[in-house]
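Encoded as structure tokens, the structure appears first; notes follow it.
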Amino acid sequence: MTRVLVVDDDPQLVRALRITLTASGYQVATAPDGTTALTLAGRTPPDLVILDLGLPDLDGVAVIEALRGWSPAPIIVLSARHHEAAKVNALDAGADDYVTKPFGMPELLARMRAALRRAASDAEAVPIVQTSAFTVDLSAKRVSTAAGDVRLTPTEWHLLEILVREPGRLITQKQLLHQVWGPGYDTETNYLRVHLANLRRKLEPDPARPRYLITEPGIGYRFTTDL
Numbered sequence: 093m094t095r096v097l098v099v100d101d102d103p104q105l106v107r108a109l110r111i112t113l114t115a116s117g118y119q120v121a122t123a124p125d126g127t128t129a130l131t132l133a134g135r136t137p138p139d140l141v142i143l144d145l146g147l148p149d150l151d152g153v154a155v156i157e158a159l160r161g162w163s164p165a166p167i168i169v170l171s172a173r174h175h176e177a178a179k180v181n182a183l184d185a186g187a188d189d190y191v192t193k194p195f196g197m198p199e200l201l202a203r204m205r206a207a208l209r210r211a212a213s214d215a216e217a218v219p220i221v222q223t224s225a226f227t228v229d230l231s232a233k234r235v236s237t238a239a240g241d242v243r244l245t246p247t248e249w250h251l252l253e254i255l256v257r258e259p260g261r262l263i264t265q266k267q268l269l270h271q272v273w274g275p276g277y278d279t280e281t282n283y284l285r286v287h288l289a290n291l292r293r294k295l296e297p298d299p300a301r302p303r304y305l306i307t308e309p310g311i312g313y314r315f316t317t318d319l
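Numbering-wise, the sequence shown is residues 93 to 319 according to the numbering used here.
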């Protein structure tokens, strides 16, 4: 069974999560604070972590950083913090996704399934990524549509490669800027807007209503696939 560690100090929410996740076939452990969570994770490494940022002892970001020191398990953050900065900090620290309270259980379960699929695919080489509109061959560094090969600039390819290697994952602006341009370009978000607009123009069936290269305003971007 897939082991899920739920870290939250709200007993009612923890109870609801335990019931729902157990009914969905997950093995659930719970922790009311960060210290307990890290102890449990070290004793029995989880396959996925659901983590509240507002813990009574440690900030959730500190827990993410501690887990990321040794665990590759996907981390989904739950929080009532609506500010973009809180989301960005959690994602930059190593969280895989972010769900704002209140949330629906079906949405959380879908995010969990997506995160676990990504974790499984990370263990295997996935050289070809397909959508209904285009195909990305990561080994050949080639993108094609029904009309033929699509010519991308080196920067466009680098951005696309980062996104398609982790379908469904929200990747922050800072992470993309660091990987493509380097650490001195943290604030150059206009670079991302220009190049993502070009990618959408070349790949999206309707660039004004993108289906695959999705913007999370003020936070980052994610690639989705319909297959």
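Cβ coordinates follow ideal geometry from the N, Cα and C atoms, glycine included.
Under the DSSP assignment, T112 falls in the alpha helix (DSSP H) whose first and last residues are 103-115.
A177 is not a Cβ neighbour of V169, given a cutoff of 8 Å. Counted as a single uninterrupted DSSP element, the stretch harbouring T192 is not any alpha helix (DSSP H) but the beta strand (DSSP E) occupying residues 189-192.
L262 is not a Cβ neighbour of L284, given a cutoff of 8 Å.
Going by beta carbons, L159 and A123 fall outside the 8 Å limit. If you draw a straight line from the Cα of G260 to the Cα of V228, it is about 16 Å long. T94 places its beta carbon less than 8 Å from that of L140. Here DSSP, grouped into helix, strand and coil, assigns Y313 to strand. For E308, the enclosing beta strand (DSSP E) starts and ends at 305-308.
K266 is the residue among P302, K266, P309 whose C-alpha sits nearest the C-alpha of D184. For a cut-off of 8 Å, the C-beta gap from A211 to P164 is around 7 Å, short enough to register as a contact. Taking C-beta atoms as the reference points, P219 and L230 count as a pair closer than 8 Å. Cβ-Cβ separation between V99 and G117: approximately 20 Å, too far for a contact (criterion under 8 Å).
For A123, there is no enclosing alpha helix (DSSP H); the enclosing beta strand (DSSP E) has its first and last residue at 119-123. Spatial neighbours of P297 in its own chain (CB-CB distance under 8 Å, excluding positions within 5 residues in sequence) are listed in chain order as A225, R303.
Secondary structure at D149: coil, using DSSP grouped into helix, strand and coil.
Between the alpha carbons of N290 and A202 lies a distance of about 30 Å. Membership of G240 in the beta strand (DSSP E) is indicated by the continuous run 240-242. With respect to L143, D101 sits apart: the two C-beta atoms are not nearer than 8 Å. Assignment of T279 by DSSP, reduced to helix, strand and coil, places it in the coil class.
If you check the CB distance, V242 and L295 come in under 8 Å.
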